[in-house]
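A.B. asks: Residue 535 in the working numbering sits at position 535 of the sequence shown, with consecutive numbering throughout.
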Amino acid sequence: MLKCRTAWRKLAPLARASSTLCRQNVRRTGLHNGRIPAAHMATGPTGGGRENQVYALLVGVTCLGGAIYAYRTVKGDKRRYLERIEEISSRPHKRTEEATASVHVEATEAIETEAVPKPEPEVAPSSEEPSPPVPDAETATSSETTEPLQADEPVLEAAPEEAPAAPLVDEAEPSPPSEPGPAEQTEPIPPPVAESEPALAESPAPEPSEPQAEVAAESAAGLVPAQPSPMLPSHVPYLLIGGGTASFAAARSIRARDPGARVLIVTDEPDLPYMRPPLSKELWFSDDPAVTDTLRFKQWNGKERSIYFQPSSFYIPPEELSNAENGGVAVLTGKKVVHMDVRGNKVKLDDDTEVSYDKCLIATGGVPRNLQVIDRAEEEVKKRTTLFRKIEDFRSLDKVSRNIKSITVIGGGFLGSELACALGRRSQDSGLEVIQMFPERGNMGKVLPEYLSNWTTDKVKKEGVKVISEALVKSVTCKDDQLEIKLKDGRSVKTDHIVAAVGLEPNVDLAKSAGLEVDSDFGGYRVNAELQARSNIWVAGDAACFYDIRLGRRRVEHHDHAVVSGRLAGENMTGANKPYWHQSMFWSDLGPDVGYEAIGIVDSSLPTVGVFAKATAKDTPKAATEESGTGIRSESETEDVASNAVASSAPAPAVTQKDDFGKGVIFYLRDKVVVGIILWNVFNRMPIARKIIKDGEEHADLNEVAKLFNIHED
1 MLKCRTAWRK
11 LAPLARASST
21 LCRQNVRRTG
31 LHNGRIPAAH
41 MATGPTGGGR
51 ENQVYALLVG
61 VTCLGGAIYA
71 YRTVKGDKRR
81 YLERIEEISS
91 RPHKRTEEAT
101 ASVHVEATEA
111 IETEAVPKPE
121 PEVAPSSEEP
131 SPPVPDAETA
141 TSSETTEPLQ
151 ADEPVLEAAP
161 EEAPAAPLVD
171 EAEPSPPSEP
181 GPAEQTEPIP
191 PPVAESEPAL
201 AESPAPEPSE
211 PQAEVAAESA
221 AGLVPAQPSP
231 MLPSHVPYLL
241 IGGGTASFAA
251 ARSIRARDPG
261 ARVLIVTDEP
271 DLPYMRPPLS
281 KELWFSDDPA
291 VTDTLRFKQW
301 NGKERSIYFQ
311 PSSFYIPPEE
321 LSNAENGGVA
331 VLTGKKVVHM
341 DVRGNKVKLD
351 DDTEVSYDKC
361 LIATGGVPRN
371 LQVIDRAEEE
381 VKKRTTLFRK
391 IEDFRSLDKV
401 SRNIKSITVI
411 GGGFLGSELA
421 CALGRRSQDS
431 GLEVIQMFPE
441 RGNMGKVLPE
451 YLSNWTTDKV
461 KKEGVKVISE
471 ALVKSVTCKD
481 DQLEIKLKDG
491 RSVKTDHIVA
501 AVGLEPNVDL
511 AKSAGLEVDS
521 DFGGYRVNAE
531 LQARSNIWVA
541 GDAACFYDIR
551 LGRRRVEHHD
561 HAVVSGRLAG
571 ENMTGANKPY
581 WHQSMFWSDL
591 GPDVGYEAIG
601 IVDSSLPTVG
611 VFAKATAKDT
621 PKAATEESGT
631 GIRSESETED
641 VASNAVASSA
651 PAPAVTQKDD
661 FGKGVIFYLR
671 DKVVVGIILW
681 NVFNRMPIAR
691 KIIKDGEEHA
701 DLNEVAKLFN
711 IHED
């Protein structure tokens, strides 16, 4: 029809011109004869009749030719229309043939060899069915060509009829037999990925060319793992980075609120989640010579337990996590998360394996600090230095302490004092010389008031430890197969091995790649009241810098905080949206006879008020564990409340002897408000202390407050 209309537009001006010329001739003839020669045009009169006949014949021939041309054009258009509809109906087959015809002969042979054709009834409608409209067919073709492909699948889809098929030139090389052919790629339903991935892993990938530069770039960026772990699921709903107390507490909390949850814990340690406090406490007092292998110990109450939170049977293998009908907790050991893509919700492991997630917890804990003089020292000094943190550190130090004559613990805090007492107790039987040095005047001088620090120092000395206070290390060298520690005041100490217990540095290695904020004052990831660093990322344990509604922004490095913050983070990962208002506690034991529990800010630079009483046989860590039934005392106390606290009716002593610190309570004040409390050989009273700090009130007489802890009862 379009061609007919075009022809008519070309002939119409000629016909109009002929008609105009005919009328002009008629007028001229009339003027000569004096009348209108109406009949002369038919009879062919003289004076212009022949010309009129020629023009009339020309018009007639033109109209007849136009009619014939229009008829043929309409008939041809109809035939071509029917052919077009038929071609569109069978496009799934024609598109493949036309695409393969436009490439090299080698590409055509390769594609024809590996193609697996589909049955025709599934892709082409029968001739009896009505032909689909042209717009619908074009829309369907567009949706097929733009369908996203898997990262591991080759790009074999043919281009539409209007576009050239040149980008398929690089597919000339043969592909593995299991790869989908062109017929499969053009289907609305993509081929199963599970069938093609093993073949792709076993055979080399085709050499990429320029049209596949984008796919090659994605592979180089890590989107396609260079060495994927075949046993690891590619996606998990809950990903927990770190295998410590906080991660385990979060996993248990997630499973409690979502029984069918699938949780994956990734840890760079070779061990399943375990508790760290026994590494510097009870394990050193075990009578079992194989304790380094079994990692089972007797608590002060005589009960035996393992250092691991749960046996291996509690967890499911990582390869079974995706298909576990009821979900479960899987632990991937010996793997470290080295990169975190917050926008893409995925992480990369140190073997280039990628795992995507829905919710993620960062519980990476910390790494022990070292002295700068040791970091700068020769390699032999570093080999003879232990940074105590993990199970392997305990095993190594236990072995070393049995084969040397002298060992020096540098550090007067919780860890250093506990290890010094543990090694000192062992030295009584083995003859091992144990030295503890620290820059403070007394043991735990940064935490305890001076009088109590001095008393604790004497207690450590009685355990067989040689204490060197106010010791600032200047250098460490190795001479005559011994380490020589030179102090800034000129003193010198020779020893065989060093244990550096000088603090913990929060592990924030993922902050840069993840774009997470690190607190400049306290270290660790800054989180909100719900322990969130991002909308789907939480942080718990030592690595979290949180805001305490009573004490301001803080970072805590103790077991109880790891338990409670991990549990709360797990609840919030399942939608609880709870704020972290818990006042975590910590405890330390200097052997089975002396121990203390603390909460809040315990800083020896703050004003303190101590109320003490005479201790009895039940006022020891051993007796406390007998009553609670567990050596990890916070496990029995974090759920308690202090609503029924009743003050003792016994009167407080008028004067407390300076050297009688059997048991008592030490209050730490800031602006006359209690911000920290230490319970010295007073156990199972932490909920009361927690309530006092939570109230944040001024107290005129702290002796009356001390009665709440019943320290004057026999």
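In this text, a Cβ means the ideal position worked out from N, Cα and C, and glycines have one as well.
1. At 3 residues or longer, and completely inside the region 303–378: list those beta strand (DSSP E) runs for me, N to C.
2. Do the CB positions of P234 and V355 come within less than 8 angstroms of each other?
3. Given S280, which residues of its chain have a CB within under 6 angstroms of its CB, disregarding the five upstream and five downstream residues?
4. How far does the beta strand (DSSP E) with W284 in it extend, from its first residue to its last?
5. Note the first and the last residue of the continuous alpha helix (DSSP H) segment covering W455.
6. Which residues in the same chain have their Cβ closer than 6 angstroms to the Cβ of P237, if we skip the five residues on either side of it in sequence?
7. Can you say whether C63 is buried or exposed, counting buried as having 16 or more other CB atoms within 10 angstroms of its CB?
8. For E392, collect the residues of the same chain with a Cβ closer than 7 angstroms to its Cβ; drop the 5 residues on either side in sequence, then sort them by chain order.
9. Have a look at E697 and Y547 and give me their C-alpha separation to the nearest angstrom.
10. Determine the direct distance from the alpha carbon of V434 to that of A201, and round the result to whole angstroms.
11. Using a Cβ-Cβ cutoff of less than 7 angstroms, which residues in the same chain neighbour K672 once the five nearest sequence positions on both sides are dropped?
12. Considering just the uninterrupted stretch of the beta strand (DSSP E) at V479, what are its terminal residues?
13. Taking the alpha-carbon positions, what's the H712 to L679 distance?
14. Using the C-alpha atoms, what's the distance from M585 back to D695?
15. On the premise that I693 lies in contact with V665, defined as a C-beta separation below 8 angstroms, what is that separation, rounded to the nearest angstrom?
16. For D375, count the other beta carbons within 10 Å of its own beta carbon; 16 or more makes it buried, fewer makes it exposed. Which is it?
17. Should C360 be flagged as near chain C, meaning a C-beta pair shorter than 8 angstroms?
18. Counting beta carbon pairs with one atom in the region 527–539 and one in the region 433–450, are three or more of them shorter than 8 angstroms?
19. Apart from the five residues just before and just after K494, which ones in its own chain have a Cβ nearer than 6 angstroms to its Cβ?
20. Taking just the CA atoms, how far does T386 sit from R343?
21. Cα separation between E379 and C545?
22. Judging by CA-CA distance, which residue of G445, E282, L708 is the nearest neighbour of A422?
23. If you follow the alpha helix (DSSP H) that T495 is part of, which residue opens it and which one closes it?
24. Could you have a look at V527 and say whether DSSP puts it in helix, strand or coil?
25. Over what stretch of residues does the beta strand (DSSP E) that includes R553 continue unbroken?
26. Give every residue of the same chain whose Cβ lies closer than 7 angstroms to the Cβ of S401, excluding the five residues on either side of it in the sequence, and list them in chain order.
27. Going straight from the alpha carbon of E571 to that of H582, what length do you get?
28. Rank F661, G610, N577 by C-alpha distance to the C-alpha of E704 and give the top, closest one.
29. Does DSSP put V400 in a helix, in a strand, or in coil?
30. Cα-Cα, which of L472, K486, D496 is closest to D480?
31. For S396, I'd like the list of residues in its chain whose CB is within less than 8 angstroms of its CB, leaving aside the five on either flank, ordered along the chain.
32. Would you tell me roughly how many angstroms separate the C-alpha atoms of E557 and S430, rounded to the nearest one?
33. Helix, strand or coil for M437? Go by DSSP, reduced to three states.
34. Assign Y668 to one of three DSSP states: helix, strand, or coil.
35. Can you have a look at G600 and say buried or exposed, based on whether 16 or more other CB atoms are within 10 angstroms of its CB?
36. I need the boundaries of the alpha helix (DSSP H) containing K694, first residue and last residue.
C.D. replies: Concretely, from the data shown:
1. 304–306, 328–332, 337–341, 346–349, 354–362, 366–368
2. Residue numbering aside, residue 234 sits at position 234 when the sequence shown is read from its first letter. Residue numbering aside, residue 355 sits at position 355 when the sequence shown is read from its first letter. Sequence check: residue 234 is Ser here, not Pro. Yes, Cβ-Cβ distance for S234 and V355 is below 8 angstroms.
3. Numbered from 1 along the sequence shown, position 280 holds the residue referred to as residue 280. For S280, where only same-chain residues beyond five positions count, the Cβ hits under 6 angstroms are L415, E418, L419.
4. For this step, residue 284 is matched to residue 284 along the sequence shown. Unbroken run through W284: none, as it is neither H nor E.
5. Counted from its first residue, the sequence shown places residue 455 at position 455. Its alpha helix (DSSP H) spans residues 450–462.
6. By one-based count along the sequence shown, residue 237 stands at place 237. Around P237: R262, D358.
7. Along the sequence shown, read from residue 1 onward, the residue named residue 63 stands at position 63. By the 10 Å Cβ count, C63 comes out exposed.
8. In the sequence shown, the residue the question calls residue 392 occupies position 392. Answer for E392: no residue qualifies.
9. Here residue 697 refers to the residue found at position 697 of the sequence shown. Here residue 547 refers to the residue found at position 547 of the sequence shown. Taking the straight line joining both Cα atoms gives about 20 angstroms.
10. The residue labelled residue 201 in the question sits at position 201 within the sequence shown. The residue labelled residue 434 in the question sits at position 434 within the sequence shown. Because the pLDDT of A201 is 34, which lies under 50, any placement of that residue in the model is unreliable, and the number read from its coordinates should be weighed accordingly. Going from the Cα of A201 to the Cα of V434 covers about 56 angstroms.
11. If you number the sequence shown from 1, residue 672 lands on position 672. Taken in chain order, the residues that qualify are E698.
12. Position 479 of the sequence shown, counting from 1, holds the residue named residue 479. According to the sequence shown, residue 479 is Lys rather than Val. Note, K479: beta strand (DSSP E), 473–479.
13. The residue labelled residue 712 in the question sits at position 712 within the sequence shown. The residue labelled residue 679 in the question sits at position 679 within the sequence shown. Going from the Cα of H712 to the Cα of L679 covers about 13 angstroms.
14. Taking the sequence shown and counting its residues from 1, one reaches residue 695 at position 695. Taking the sequence shown and counting its residues from 1, one reaches residue 585 at position 585. Straight-line Cα distance between these residues: approximately 16 angstroms.
15. Taking the first residue of the sequence shown as position 1, residue 665 is located at position 665. Taking the first residue of the sequence shown as position 1, residue 693 is located at position 693. Between I693 and V665 the Cβ distance is about 13 angstroms, and since that is not below 8 angstroms, they are no contact.
16. Taking the first residue of the sequence shown as 1, we reach residue 375 at position 375. Under this definition D375 is an exposed residue.
17. The displayed structure is made up of one protein chain only, and chain C is not part of it.
18. no
19. Against the sequence shown, residue 494 aligns to sequence position 494. Closer than 6 angstroms at Cβ, skipping near neighbours: Q482, E484.
20. On the sequence shown, position 343 is the one that residue 343 refers to. On the sequence shown, position 386 is the one that residue 386 refers to. Approximately 39 angstroms between the Cα atoms of the pair.
21. Looking up residue 379 in the sequence shown gives position 379. Looking up residue 545 in the sequence shown gives position 545. Their Cα atoms are separated by approximately 35 angstroms.
22. As a first step, residue 422 must be located in the sequence shown, where it is residue number 422. The candidate whose alpha carbon is nearest that of A422 is E282.
23. Working through the sequence shown from its first residue, we reach residue 495 at position 495. Segment 492–495 is the beta strand (DSSP E) holding T495; no alpha helix (DSSP H) there.
24. On the sequence shown, position 527 is the one that residue 527 refers to. Note: V527 maps to coil in three-state DSSP.
25. Locating residue 553 in the sequence shown gives position 553, where the first residue counts as 1. Note, R553: beta strand (DSSP E), 552–554.
26. Taking the first residue of the sequence shown as 1, we reach residue 401 at position 401. Excluding positions up to five away in sequence, the list reads I407, L423, R426, L432.
27. Here residue 571 refers to the residue found at position 571 of the sequence shown. Here residue 582 refers to the residue found at position 582 of the sequence shown. E571 and H582: Cα-Cα distance of roughly 14 angstroms.
28. To locate residue 704, count along the sequence shown from 1; it is residue 704. Comparing Cα-Cα distances from E704 to each of F661, G610, N577, the minimum goes to G610.
29. Position 400 of the sequence shown holds residue 400. Helix at V400.
30. Your numbering for residue 480 matches position 480 in the sequence shown. Answer by Cα proximity: D496.
31. Indexing the sequence shown from 1 puts residue 396 at position 396. Only T386 meet the Cβ criterion.
32. Taking the first residue of the sequence shown as position 1, residue 557 is located at position 557. Taking the first residue of the sequence shown as position 1, residue 430 is located at position 430. Approximately 33 angstroms between the Cα atoms of the pair.
33. In the sequence shown, residue 437 corresponds to position 437, counting from 1. Looking at M437 - three-state DSSP - the assignment turns out to be strand.
34. Within the sequence shown, the letter at position 668 stands for residue 668. It is a strand residue.
35. Reading the sequence shown from its first residue, position 600 is the one you call residue 600. So G600 counts as buried.
36. As a first step, residue 694 must be located in the sequence shown, where it is residue number 694. Taken as a continuous stretch (DSSP letters only), the alpha helix (DSSP H) holding K694 covers 686–695.
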